[in-house]
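Number of protein chains: 4
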Amino acid sequence: MGSRIGAREIGLEIGNIETGRFNAITDVKGVGVGHSTIIRGDGALRVGEGPVRAGVTAIVPHQGNPFEQKVVAAVDVFNAYGKSVGLPQIMHTGVIETPILLTDTLNTWVVADALVSYMHEKYGVQATSMNPVVGETNGSFLNDSMGRHVRTPHVFEALDKARSVEGHGIVQEGNVGGGTPMSGFGFKGGIGTSSRKTDYFTLGVLVQLNCGRREDLRIDGVPAGKDLVEPMPKGVEAGNSIMIIFATNLGLDSRQLWRVAKRVVWGVARVGHYGGTGSGDFTIGFTTGDKSVEEMLDELRRSGGEDARMTQNEGYLNSVFRAAIEATEEAVLNALFKAETLRGRDGNTREAVPLDRVKQILQKYNRL
Amino acid sequence: MGSRIGAREIGLEIGNIETGRFNAITDVKGVGVGHSTIIRGDGALRVGEGPVRAGVTAIVPHQGNPFEQKVVAAVDVFNAYGKSVGLPQIMHTGVIETPILLTDTLNTWVVADALVSYMHEKYGVQATSMNPVVGETNGSFLNDSMGRHVRTPHVFEALDKARSVEGHGIVQEGNVGGGTPMSGFGFKGGIGTSSRKTDYFTLGVLVQLNCGRREDLRIDGVPAGKDLVEPMPKGVEAGNSIMIIFATNLGLDSRQLWRVAKRVVWGVARVGHYGGTGSGDFTIGFTTGDKSVEEMLDELRRSGGEDARMTQNEGYLNSVFRAAIEATEEAVLNALFKAETLRGRDGNTREAVPLDRVKQILQKYNRL
Amino acid sequence: MGSRIGAREIGLEIGNIETGRFNAITDVKGVGVGHSTIIRGDGALRVGEGPVRAGVTAIVPHQGNPFEQKVVAAVDVFNAYGKSVGLPQIMHTGVIETPILLTDTLNTWVVADALVSYMHEKYGVQATSMNPVVGETNGSFLNDSMGRHVRTPHVFEALDKARSVEGHGIVQEGNVGGGTPMSGFGFKGGIGTSSRKTDYFTLGVLVQLNCGRREDLRIDGVPAGKDLVEPMPKGVEAGNSIMIIFATNLGLDSRQLWRVAKRVVWGVARVGHYGGTGSGDFTIGFTTGDKSVEEMLDELRRSGGEDARMTQNEGYLNSVFRAAIEATEEAVLNALFKAETLRGRDGNTREAVPLDRVKQILQKYNRL
Amino acid sequence: MGSRIGAREIGLEIGNIETGRFNAITDVKGVGVGHSTIIRGDGALRVGEGPVRAGVTAIVPHQGNPFEQKVVAAVDVFNAYGKSVGLPQIMHTGVIETPILLTDTLNTWVVADALVSYMHEKYGVQATSMNPVVGETNGSFLNDSMGRHVRTPHVFEALDKARSVEGHGIVQEGNVGGGTPMSGFGFKGGIGTSSRKTDYFTLGVLVQLNCGRREDLRIDGVPAGKDLVEPMPKGVEAGNSIMIIFATNLGLDSRQLWRVAKRVVWGVARVGHYGGTGSGDFTIGFTTGDKSVEEMLDELRRSGGEDARMTQNEGYLNSVFRAAIEATEEAVLNALFKAETLRGRDGNTREAVPLDRVKQILQKYNRL
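Chains as they are written, first to last, in the working numbering: chain A, 5 to 372; chain B, 5 to 372; chain C, 5 to 372; chain D, 5 to 372.
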């Protein structure tokens, strides 16, 4: 995907906080990402045969056994026209005990079941109760979705990769894993990621972008969608969805993470999403807990960086909120910019957003 | 299951409102129930082989196609140590678009996937987005739960039965369907049902009972659990769970159904459940909408049965609340009373509650 | 109120856990309770003049300044036909920063304003933002409620008492403070309290009881309401309300306290409340944090009292859940048993529940 | 306030949907707005004396008695560091039964009490239970907030005006009513309003703006805050708050209004708000119900304007969502653009945003 570049490479700086090394969710130490991508067949849709444009993306919260070392977590459900699995238990227990998987809608439950198998077989968890976490968006414009082509080996592949060395560095974006058949603002969408890093915490976001209408697209506030009239998409509905995963190393409790989670979707709002009635807009966040709030505040005091606003009413959360919104806005743009044109079932094609045209528009509005 | 009798047959009258004809959720016209029960093997647990004590219970909301004629619905999550599938979408859209299935915990996702297959194949729904609804409790004391033995044909069997003539009358209770391996208050539990019928609405409840500690058991307020010391259960944990489904023919909107749903679990509270930290206590309710609130109020006016309190502040809901709590309390007792002693994996045995002893206790407390 | 006795003195033992020294919310060290009771005038209602049967009850979370030392807190809203003030902020910040006040419905906002004055004047808090917490139930059957007779001096009196030596021991129950004009199950209701104490935590509950229909009353499971037909109440509606405050010394976080809060109302369900559509059923809980969960678990380990279930999935919460339900059930009964017959506006009279008759009924059902 | 102009007059067109006649919440027929503004004294703060920069804004949902004709309503709480009164009851009953008032934080409860008086005295409601609805933001940078200077006559004045002919046309914006002392993005803020009108519904929004950091300000996507460095504000904290009221004539039910309410705050997100930890971000919406969904769909069918997406999954809500976000974004800008420089207590001054400079910036980015 060499010709495709992210928002930074184009020259945009979304927000004010610096990115981490990889500008990816993997900047949160321990977090790994792996994709299994299935692109098979061409031509007319034959349910159960293809064409297949699907996959699964896995996020592991740390290098250990997530069932033994559960991570503190929280959920925000903005609009729940979506089938996400495992959310209610997170809301009550405040923890996640498995990796998180993303896929195409109708594969959700097979993928959840395969995740249980993986927990049994690869993590060695002998438990009769387990809360697999799976999110989805609907890739049926390109994919034989009713065929439900994602199977246990794909899930295992994504999880194995997420746990490998490769899974802990640069994250592949665009038409990969769960994002393979997805759309965004009438262009090709898919997986995007970004991160923010301050003196005292790192926060990373990964999205599976499948939402937005063309005319609503705003690139760093520029109403680019109105100028990007060619090629006009077909088959774009107001609904569609986005799955957002965020991770931080700051040891917040689940109520605090929930407050962060509620802000995350604002990063999508800024790109022009309206949260249509048929949209599944879910945010799942967790912390590796590598740095406790107490440690952070101690450091700030020692460095003289602390002020009253930082500690009053959990004021240190404000930077976390901002980091979360900024990283989400950028992750959405990265998904859009990195994805390549893809043809799927019945000749349906989603064009990549033309990056040269994007640059022209940003120049027109004096933003580059 | 001839020797096992329900709470009414023992002589108890839970609450003040009359039951419907079948004293079952099927008293709400159109609602059907079907079970697929798997009892196979004996002896030591061999994961993947058995012994199997599992199954699936299906509830269809009406005789039509539930995807085409979605039913207005609501959800209450009391304690979410549970894996229920499909709840967030119900909360936002206020409708259910598939039948509801109940099963053993680790079968949840295969069952959800099979429900999608059924929607495609048997209801002819050609949709790439669909929100299957599945609830579960944990039957691993008797069942090879890690073996995940419930498969697509079991799901199809339960659904076919729920749509047959048989599914619309008397409902089998106890060790059937999803309730096959379940426990209750240290005795054998499983499926139970009950209903309430007034001049202006019918409401039915079906539970999959798998919760409660022995010493907490209250039968219509009598602290029976303290006297029922023999045989003492092993392997009873404070957690465990209960799934509750209710149906009514009164055309409430989803906010109103949600208010009913919040009361339902009180019927379980009255039997002595404490809602342990590891408990999955979910209520899902829907209305067939056969009688609108306006029709109901018109009838009441004509019959002179209406008074001011009935219409002020949705006062007509009060009878619905009471019916829901009463029917739930009775459904829990029916699950307990109808279930028979069952031996499962590793020789683990759950004894049926001894009904003669129950009668003696009720007589001791002057309640029969 | 010498002739009125609580549930324990009658011979009932609600649940299994021991009570604290005072069997009151004040068993949680630091918690203080004060009442200001206004009983003035008689005869026909003249709005703005009386008769007045009103008051305010104050609960202070500890002996310090609650704005400086905020307490971790949580809220459960079961049915929100009620005007409680301050709840949304507790849900997001997880803390309470003022004492909690209880009063008659239409006095709620004057009482909240007076609480702000008290924070300024008596606690010396110079803040332009502050979240006063006030709960209410409707005492208009006896009280000139539209007259809104509770004023700043009453609020100051209740708060001063709650902070005095007197406020930290035995708690007055029945027709006192905010409970002065309230009803319960067609009898006189009002303030009631109870506590539970284990090796590792104390939990106390205080209720302002104003709910329940006569025929639904269950005393420790005995359907006493059906036998207590004389005198039949007038002016009892299905709605009405209950305010529940609980406190513990165990240092739970707000998510955990919320899980406790959700159970509390089950104690009311067991006495026969149905949560009518016009009911305001709110629970507010806090912890003084005197004993951290880590300390508790250390103690349990040292004493050999810990087992696996205690620490798995926050299993130590189960005893807290049970304590909360038991103490609530008993606090409701205490409110009912301690309240004395009171005549109010327009000659309206609420009779005290006849305790001799209660004993006879409990004997009839072999429960004493 | 002649020299101050709104976003439209500057040349901005926020979003794609047309405004109503007044570009105000009063475009929803029947909705009235009235302000009572208190500007008194100057110089050093003397608590209880002044200087006073405060007031109250009233919104009446229709011209009738709101207690007799309750309006269907819903609430979204984005971040609840705020004292809003009356929200829990709206969430459960789905209706509002009084006008809505906006004021300065510590006046909240006196204002709520005065609203009850108004209901008794002016609307003639003889009720002992009533749910007044009041929102607030914190004006203490300019105002003697601890002095709590808003009194019953101010509340009556605002309500009388909202019910007058004047209250049903053009709405005064900026330093009026509850918005008098408020700030926005380090400039003077206050009251702002806007509306959207389609063939089939009207929706209006009114905000009390008191949130945002200077550097975050985005005007229709342009990062204007970074260029608007002079004069830099003092006393701006990350927190602060916004109250948002919306009204529509489309007869949605409360679940649907709630879905709209969740989107509304996105309009604020687009102007650059981050929802700080100390922010009270509440949305309250209602419908006059003048046009039922059925009527609307009939009209659409007759006009040929209906398509499948309009009726599937409540697809007609999508336009309502978009209208709500657009009108909110514009109402925030109007509050900012209409407010004039104001000096308050201790010489504290909030400068009006310099509109000439704003135009230059918009021109620089080629947006005018």
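Don't be surprised by glycine CBs; every beta carbon is placed ideally from N, CA and C.
Please read these numbers as outputs of a predicted model, since none were measured by experiment.
Grouping DSSP H, G and I as helix and E and B as strand, with all else coil, what is residue i?
{"i": "A343(B)", "result": "coil"}
{"i": "T206(D)", "result": "strand"}
{"i": "Q316(A)", "result": "helix"}
{"i": "H96(C)", "result": "helix"}
{"i": "Q212(C)", "result": "strand"}
{"i": "T102(C)", "result": "coil"}
{"i": "L110(B)", "result": "helix"}
{"i": "A242(B)", "result": "Only weak support is given to the placement of A242(B): the predicted model assigns it a pLDDT of 47, under 50, and the question is left unresolved by the model."}
{"i": "F325(B)", "result": "helix"}
{"i": "G190(C)", "result": "coil"}
{"i": "H277(D)", "result": "coil"}
{"i": "T332(A)", "result": "helix"}
{"i": "V37(C)", "result": "strand"}
{"i": "V115(C)", "result": "helix"}
Measure from the alpha carbon of residue i to the alpha carbon of each residue in the options, then state which is nearest.
{"i": "T102(C)", "options": "D220(C), S283(C), F290(C) and L221(C)", "result": "F290(C)"}
{"i": "L106(C)", "options": "Q93(C), I94(C), S121(C) and V64(C)", "result": "V64(C)"}
{"i": "G193(B)", "options": "V180(B), W262(B) and Q364(B)", "result": "V180(B)"}
{"i": "I18(A)", "options": "V154(A), E318(A) and R222(A)", "result": "R222(A)"}
{"i": "T109(D)", "options": "A166(D), G128(D) and G182(D)", "result": "G182(D)"}
{"i": "V37(C)", "options": "L49(C), E125(C) and V60(C)", "result": "V60(C)"}
{"i": "N253(B)", "options": "V56(B), F71(B) and A77(B)", "result": "A77(B)"}
{"i": "M300(C)", "options": "I288(C), T287(C) and M314(C)", "result": "M314(C)"}
{"i": "F88(C)", "options": "N111(D), D257(D), S133(D) and A228(D)", "result": "Looking at the sequence itself, residue 88(C) is Ser, so the reference to Phe does not match. Residue S133(D) is the option with its Cα nearest to S88(C)."}
Do residue j and residue i have their beta-carbon atoms positioned less than 9 Å apart in this structure?
{"i": "M236(C)", "j": "G86(C)", "result": "no"}
{"i": "R349(A)", "j": "G47(A)", "result": "yes"}
{"i": "N338(C)", "j": "E177(C)", "result": "yes"}
{"i": "I329(A)", "j": "Y278(D)", "result": "yes"}
{"i": "L207(D)", "j": "I195(D)", "result": "no"}
{"i": "L346(A)", "j": "L49(A)", "result": "no"}
{"i": "R361(C)", "j": "D231(C)", "result": "yes"}
{"i": "D117(C)", "j": "F286(C)", "result": "no"}
Which chain A residues are close to residue i, counting only those with a beta carbon under 8 Å from its beta carbon?
{"i": "R371(D)", "result": "Y369"}
Strictly below 7 Å CB to CB, what residues from chain D border residue i?
{"i": "R50(A)", "result": "What R50(A) touches in chain D: nothing, since even the nearest Cβ is about 25 Å away."}
{"i": "P103(C)", "result": "What P103(C) touches in chain D: nothing, since even the nearest Cβ is about 15 Å away."}
{"i": "I18(A)", "result": "What I18(A) touches in chain D: nothing, since even the nearest Cβ is about 11 Å away."}
Residue i versus chain C: which residues are under 7 Å apart at the beta carbon?
{"i": "T23(B)", "result": "In chain order: nothing, as chain C lies at least about 18 Å away."}
Listing by chain order, which chain B residues have their CB less than 7 Å from the CB of residue i?
{"i": "E318(C)", "result": "T281"}
{"i": "Y374(A)", "result": "Here chain A has residues from 5 to 372 only, and residue 374(A) is not among them."}
Can residue i be considered in contact with the ligand SAM, in the sense that its beta carbon sits closer than 8 Å to one or more heavy atoms?
{"i": "A77(D)", "result": "Of ligands this structure carries none, so the ligand SAM is not represented either."}
Whose Cβ in chain C lies nearer than 9 Å to the Cβ of residue i?
{"i": "V79(B)", "result": "Ordered by position in chain C, no residue passes the 9 Å Cβ test against V79(B), which lies about 15 Å from the chain."}
Residues of chain A with CB under 7 Å from residue i, in chain order?
{"i": "N69(B)", "result": "The premise fails here: N69(B) is roughly 17 Å from chain A at the closest Cβ pair, so nothing lies under 7 Å."}
List, in order along the chain, the chain C residues whose C-beta lies closer than 8 Å to that of residue i?
{"i": "N414(B)", "result": "Residue 414(B) lies beyond the stretch modelled for chain B, which goes from 5 to 372, so this question has no answer here."}
What are the uninterrupted segments assigned as beta strand (DSSP E) that are 3 or more residues long and contained completely in the stretch 46–100 of chain B, given in chain order? Look at the stretch 46–100 of chain B and you find these whole runs of beta strand (DSSP E), each 3 residues long or longer: 56–64 and 75–84.
Just to confirm the assignment: which complete beta strand (DSSP E) runs, minimum length 3, are found wholly within the stretch 136–167 of chain C? You should have 137–141.
Output the residue ranges of the beta strand (DSSP E) runs that lie fully inside the stretch 256–303 of chain C and measure 3 residues or longer, sorted by chain position. Runs of the beta strand (DSSP E) inside the stretch 256–303 of chain C: 284–296.
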